[in-house]
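Numbering (this note's numbering), first residue to last: 13 to 96.
These notes concern the structure reproduced below.
Below you can see the structure in the form of structure tokens.
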């Protein structure tokens, strides 16, 4: 176990950040699943904007890789455009 005050503080901060990142990542994954199950184009386009923004935020904070975010956005855009 760490003995320095700064080390103890870093451990607390890292745990808080880890939980925040986990929550954001899980929330975004749920949004992606919801979008994939949508069959209404109007709802899907609105939801796609939110999902796209959330993926960009995750990539910006290095929670997911930027290429993974791009790949997901691309696949979801194709899916939304396919809806009639």
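Just so you know, even glycine gets a beta-carbon here, dropped at the ideal spot from N, CA and C.
- Residue burial is scored here from C-beta neighbours: residue 42 has fewer than 16 other C-beta atoms within 10 angstroms and is therefore classed as exposed.
- Going by DSSP, residue 93 is part of the alpha helix (DSSP H) stretching over 78–94.
- Under a 10 Å Cβ-count criterion, residue 63 is classified as buried, with 16 or more other Cβ atoms of the shown protein chains found around its own Cβ.
- Secondary structure of residue 13 (DSSP, three-state): coil.
- In the assembly as shown, residue 44 is a buried residue. Its beta-carbon has 16 or more other beta-carbons within 10 Å.
- Taking a contact as a CB-CB distance under 8 Å, the pair residue 96 and residue 53 counts as one, their CB atoms being some 7 Å apart.
- Looking at the backbone, the Cα of residue 92 and that of residue 86 are separated by about 10 Å.
- Rounded to the nearest angstrom, the gap between the Cα atoms of residue 88 and residue 67 is 11 Å.
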